[in-house]
Amino acid sequence: MKQKLLFLTLLLVASVATTNAQTKVWDFGGDPNYTSAAQIAMWPIVAYNAAEGETVKKDNLFLVGDSEGNKFGKIENSGGKTWDAGTADEYTAVNRFKFDGGSNPDENNLNPTHSHLYFNVSGPVTIKIWYRSGGSDKRELYVSDETNVIASVSKESDDAPYILTAEYTGSGEKISIYDSNSFNLYKIEVTGAGADVLAVDKASLVTTNINANGQRIFVTNVDAETEINIFSITGALVKQIKTNSNTDFTMKPGLWIARIKTSKGEKSIKLVTY
Numbered sequence: 260m261k262q263k264l265l266f267l268t269l270l271l272v273a274s275v276a277t278t279n280a281q282t283k284v285w286d287f288g289g290d291p292n293y294t295s296a297a298q299i300a301m302w303p304i305v306a307y308n309a310a311e312g313e314t315v316k317k318d319n320l321f322l323v324g325d326s327e328g329n330k331f332g333k334i335e336n337s338g339g340k341t342w343d344a345g346t347a348d349e350y351t352a353v354n355r356f357k358f359d360g361g362s363n364p365d366e367n368n369l370n371p372t373h374s375h376l377y378f379n380v381s382g383p384v385t386i387k388i389w390y391r392s393g394g395s396d397k398r399e400l401y402v403s404d405e406t407n408v409i410a411s412v413s414k415e416s417d418d419a420p421y422i423l424t425a426e427y428t429g430s431g432e433k434i435s436i437y438d439s440n441s442f443n444l445y446k447i448e449v450t451g452a453g454a455d456v457l458a459v460d461k462a463s464l465v466t467t468n469i470n471a472n473g474q475r476i477f478v479t480n481v482d483a484e485t486e487i488n489i490f491s492i493t494g495a496l497v498k499q500i501k502t503n504s505n506t507d508f509t510m511k512p513g514l515w516i517a518r519i520k521t522s523k524g525e526k527s528i529k530l531v532t533y
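Residue numbers for the sequence shown follow my numbering, beginning at 260 and rising by one.
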């Protein structure tokens, strides 16, 4: 009875975690192991993405050019940085998106006039930004809904990789990302029901499947060299396998996240063992 109750509880947790979840990602990082081919093609190395007085729309992300028209949105190689190494959230970038200057917000730190990004949402979302400071002077990075700053961070003489998370709880507005001085962005992720207007990312091209039956994990449809990392719900790596063919293995009862990697990309699947 206890085992059955545990299974039902874990199944409910997994269901709640996946139902209504919609995610949109803009990945400027350019690392083939972490970035889709479509994103790499969309964000090639360029001198700038939006000229003076121009607003450019790319994949439902709007880019408003800088005051001189030759800097904002420069994509360049940055030598490589890794966030959350060794966890389910590990991410590595080789390129960066440069603000290369400030966005000129008003006295309330709202309404940037140039050098900023924005996108529209239809309701509540969580916004995550993978970033680094662009210099040694004190500077701020902002996320706003045009009425309020919903998240911000201040950095000075610190170029370590960080993630800024913003929670938007409204019914739908324009969300803007901007700064007081140069910041470098690597990835933006928008998750929640309100992301439905952003043309959420298509399914992975990875054919490998993984599913659980009791305590047994089955890996099927393997058509290429495949790496599978199993993480606990706290993000700890608990098992890693590499295979070129269908296989199976056992796991103790619990809720797990399996990340599958092949040459075609990667995908994550929640698993319940009991």
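Quick reminder that beta carbons are idealized off the backbone N, C-alpha and C, glycines included.
The structure displayed is predicted, hence computed values, not measured ones.
Q. What's the gap between the Cα of K498 and the Cα of T351?
A. Along the sequence shown, read from residue 1 onward, the residue named residue 498 stands at position 239. Along the sequence shown, read from residue 1 onward, the residue named residue 351 stands at position 92. Computed Cα separation, rounded: 21 Å.
Q) Helix or strand or just coil, what does DSSP make of A471? A) For the purposes of this step, residue 471 is taken as the residue at position 212 of the sequence shown. In the structure shown, A471 sits in a strand (DSSP, three-state: E or B).
Q) Alpha carbon to alpha carbon, what distance is there between V384 and A280? A) Here residue 280 corresponds to residue number 21 of the sequence shown, with the count starting at 1. Here residue 384 corresponds to residue number 125 of the sequence shown, with the count starting at 1. Note that A280 scores 48 on pLDDT, short of 50, meaning its location in the model is unreliable; the coordinates nonetheless yield the value given after this. Cα-Cα distance, rounded: 10 Å.
Q) Under a three-way DSSP split, which group does Q499 fall into? A) If you number the sequence shown from 1, residue 499 lands on position 240. Residue state, collapsed to three classes: strand.
Q.
At the level of alpha carbons, what is the spacing between S435 and V449?
A. Walking along the sequence shown from the start, residue 435 turns up at place 176. Walking along the sequence shown from the start, residue 449 turns up at place 190. When the Cα atoms are used, S435 and V449 turn out to be separated by approximately 12 Å.
Q: Using 10 angstroms around the beta-carbon of P364, count the other beta-carbons present and answer buried if the total reaches 16, otherwise exposed.
A: On the sequence shown, residue 364 is found 105 positions in, with the first residue counted as 1. P364 is classed as buried because its beta carbon has at least 16 other beta carbons within 10 Å across all chains shown.
Q: Report the residue from D325, P291, F287 whose alpha carbon sits nearest the alpha carbon of K570.
A: Missing from the structure shown is residue 570; the chain here goes from 260 to 533 and no further.
(Q) Any beta carbon from chain D within less than 8 Å of V384's own beta carbon? (A) Here there is only one protein chain, and chain D is not present.
**Q.** Element boundaries [beta strand (DSSP E), containing I304]
**A.** Here residue 304 corresponds to residue number 45 of the sequence shown, with the count starting at 1. For I304, no beta strand (DSSP E) run applies, since DSSP gives it neither H nor E.
Q: Could you have a look at D286 and say whether DSSP puts it in helix, strand or coil?
A: Counting from 1 along the sequence shown, the entry for residue 286 is found at position 27. Here D286 sits in strand by DSSP.
Q) Once you ignore the five residues that flank T466 on each side, which residues in its own chain have a CB closer than 6 Å to its CB? A) By one-based count along the sequence shown, residue 466 stands at place 207. Here the set comprises N480, D482.
Q: Below 8 Å on the Cβ atoms is my guess for N440 versus G494; work out the distance and round it to an integer in Å.
A: On the sequence shown, residue 440 is found 181 positions in, with the first residue counted as 1. On the sequence shown, residue 494 is found 235 positions in, with the first residue counted as 1. By a beta-carbon distance limit of 8 Å, N440 does not contact G494. Their separation comes to about 32 Å.
Q: Grab the span of the beta strand (DSSP E) containing Y401 for me, first residue to last.
A: As a first step, residue 401 is located in the sequence shown; it is residue number 142 there, counting from the start. DSSP places Y401 in the uninterrupted beta strand (DSSP E) bounded by 398-403.
Q: Go ahead and pull the three-state DSSP assignment for G524.
A: Position 265 of the sequence shown, counted from the start, is the residue given in the question as residue 524. Look at G524 here: in three-state DSSP terms it is strand.
Q.
According to DSSP, simplified to helix, strand and coil, what is D455?
A. Working through the sequence shown from its first residue, we reach residue 455 at position 196. In this structure, D455 counts as helix in the three-state DSSP scheme.
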